[in-house]
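Chemist:
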Amino acid sequence: MRTHVATRIIFVITFAAITLALVTTFLLNQSTANPGIRILIDRPPNTLEAGQNPDVMARKILPLMEAGYRVATPFDPEDFKLLPPLADRPVLHFRTVRDELARGILFEKGEVDVLFNSLSLSKTRWFQKQGASLVEAPGHHLSFIGFNLRDPALSDPNLRRAILHALPLDQWVHNKFFDMVTPLPVLADSFRPEAARSLIGSRGPIKLRFLTTPVREGNELALLVREALGKVGIEVEVVPLESSLFFQRLKRGDFQIFGSRLLRETENDSISDYLLPGKNKNYFSWSPDRTLADKNGNLSWAAAEKRVLEELPLIPLFTWKHGLLLSNRIRKSTPPPRIEEDSFRFLSTLQLD
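Under the numbering used here, read the sequence shown as residues -18 to 334, first letter to last.
1. Give the C-beta separation of K180 and N129 to the nearest angstrom, bearing in mind that I take them to be a contact with Cβ-Cβ under 8 Å.
2. CB V167 to CB V154, shorter than 7 Å?
3. Does G127 come out as helix, strand or coil in the three-state DSSP assignment?
4. Got a sec: is the Cβ-Cβ distance from E92 to anything in chain E below 7 Å?
5. Pick helix, strand or coil for Q111, following the three-state DSSP scheme.
6. Among S99, L165, S136 and K110, whose alpha-carbon lies nearest the alpha-carbon of L123?
7. What number of angstroms, rounded off, separates the C-alpha of L115 from the C-alpha of A134?
8. In three-state DSSP terms, what is T28?
9. Quick one: which unbroken alpha helix (DSSP H) runs of 4-plus residues sit fully inside the segment 154 to 225? Chain order, please.
10. Tell me the rounded alpha-carbon separation between A14 and F158.
11. Please state whether the Cβ-Cβ distance between E216 and K262 is less than 7 Å.
12. Excluding five sequence neighbours on each side, which residues of the same chain lie with their C-beta closer than 6 Å to the C-beta of W301?
13. Which residues in the same chain as R326 place their Cβ atom closer than 7 Å to its Cβ, once the five residues preceding and following it in sequence are excluded?
14. Pop quiz: R310 and L333 are said to be a contact at Cβ under 8 Å. What is the actual Cβ separation, rounded to whole angstroms?
15. I need the DSSP call for L3, collapsed to helix, strand or coil.
16. For my contact list, P269 and F125 are in at a C-beta cut-off of 8 Å; report their separation, rounded to the angstrom.
17. How is the beta strand (DSSP E) around W301 delimited, first residue to last?
18. Give me, in chain order, the residues of the same chain whose beta-carbon lies closer than 8 Å to that of I86; leave out the 5 immediate sequence neighbours on both sides.
19. Which same chain residues, not among the five before or five after Q152, have their C-beta less than 7 Å away from its C-beta?
20. Alpha carbons only, please: which of E92, V289, T77 and V213 is nearest the one belonging to H146?
21. Could you give the residue range of the beta strand (DSSP E) that holds L244?
22. Tell me the rounded alpha-carbon separation between Q229 and S103.
23. Determine the DSSP secondary structure at I86, reduced to helix, strand or coil.
24. Does the beta-carbon of L306 have 16 or more other beta-carbons within 10 angstroms, so that it is buried, or is it exposed?
25. Of all the options D250, A118, R70 and R184, which has the alpha carbon lying nearest to the alpha carbon of A283?
26. Going straight from the alpha carbon of R207 to that of L150, what length do you get?
27. Nearest-angstrom Cα distance between D69 and N98?
28. Please work out which residues of its chain come closer than 6 Å, Cβ to Cβ, to F172, disregarding the five sequence neighbours upstream and downstream, and give them in chain order.
29. Nearest by alpha-carbon distance to P195: which of S183, G240, K110 and R184 is it?
30. Would you check whether the ligand PLP has a heavy atom nearer than 6 Å to the C-beta of N309?
31. Identify whether I22 lies in helix, strand or coil by the three-state DSSP scheme.
32. For L256 versus L280, is the C-beta spacing smaller than 7 Å?
33. Considering just the uninterrupted stretch of the alpha helix (DSSP H) at L307, what are its terminal residues?
34. Go ahead and label A177 buried or exposed: buried means 16 or more other beta carbons lie within 10 angstroms of its beta carbon, across all protein chains shown.
35. Starting from V78, trace the beta strand (DSSP E) in both directions and tell me its first and last residue.
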């Protein structure tokens, strides 16, 4: 009896050991044949529940899943009817770390393969100098300063033009943004502080409020504007607001100046929602000639630029592109020629080296 029990125990242990070895071998083979790409982003997508619309980050990720990628991320794709992932595609492991310094440390330690728009331009440039590859996705993303034309002070076009002449845009591009943004050629000679002082003239003290969000780039831009305008006699109060409050204030017209950006693929894509009267993002209260728009009612930056620079409902600062920092595990590749604004589809061009 004891011999029989001992035999059974040995059999169970042997079977378990063989099973464990087979499973381990299978997993190792799988990880070797189909390793994952580790992507770090600065905020997570919301969990999707029945009846909810995907948030911005989820909308970026869904096209990858539709293209056959298995995505490891803290958001639930069960509400979407998708085909099974393709076996030959690497798993895309999305991870969220809110602190910028922590993201940089993880990348330097080799615990992350891809950083998507996750670092300041200075840190991005530093990692490039250390050998990291930078891939820029095609796009025409325009950063700008917007004015409330109903404000008593800013309704004066001379004050808006004085603000334009007070901004050292080329210096910012080279010294603050490390040539990783592109200045608009049409504004190459716009920095003329003496002209700014002349336009301001002898009017009394000018105090303006600059609305921004706590996002790093927005705060940095606001501080640069405050410094530049202070040199020509305009005092600027920087007012950082949480994003929802920021946009509430814009929609109510409760602001003077704000910083924001237009995200488009090309300068020929429509920005009617920002510039035409009655549109939901025309916070400037600007009413341009509708003949600027095409027959479908679409107004592009290419068509509007000249009129914008004449009337200055906003000051275009520079254009930039979404960027990926890649570790040496990832083969640098060229993104496709067109990229959806709310999509990570261009990540599908990355391959493990």
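Cβ atoms here follow ideal geometry from the backbone N, Cα and C, with glycine treated the same way.
Modeler: With the given structure in hand:
1. In the sequence as displayed, the identity of residue 180 is Leu instead of Lys. Incorrect: roughly 19 Å between the Cβ atoms, too far for contact.
2. Going by C-beta atoms, V167 is not nearer than 7 Å to V154.
3. strand
4. Structure shown: chain E not included; a single protein chain is present.
5. coil
6. L165
7. 43 Å
8. Any answer about T28 is weak, because its pLDDT of 45 lies below 50 and its placement is not dependable; what the coordinates show is given next. Coil, per DSSP.
9. 174 to 181 and 197 to 211
10. Note that A14 has pLDDT 45, beneath the 50 cutoff, so the model's placement of it is unreliable and no number is given.
11. no
12. H122 and V162
13. P44, L45, A48 and I320
14. 6 Å
15. Because L3 sits at a pLDDT of 48, beneath the cut-off of 50, its placement in the model cannot be relied upon, and the point is left open.
16. Going by Cβ atoms, the distance from P269 to F125 rounds to 15 Å, so no, they are not a contact pair.
17. L295 to W301
18. none
19. For Q152, where only same-chain residues beyond five positions count, there are no Cβ hits under 7 Å.
20. Answer by Cα proximity: V213.
21. I238 to R245
22. 32 Å
23. helix
24. Under this definition L306 is a buried residue.
25. A283 has its Cα closest to that of D250, out of D250, A118, R70 and R184.
26. 13 Å
27. D69 and N98: Cα-Cα distance of roughly 27 Å.
28. Annotation for F172: P149 place their beta carbon closer than 6 Å to its own, counting only its chain and skipping 5 residues before and after.
29. The shortest C-alpha separation from P195 is found at G240.
30. This structure does not include the ligand PLP; it has no bound ligands of any sort.
31. In the structure shown, I22 adopts extended strand secondary structure according to DSSP, grouped into three states.
32. yes
33. Premise fails: L307 lies in the beta strand (DSSP E), G304 to L307, not in any alpha helix (DSSP H).
34. buried
35. Note, V78: premise wrong, no beta strand (DSSP E); not H, not E.
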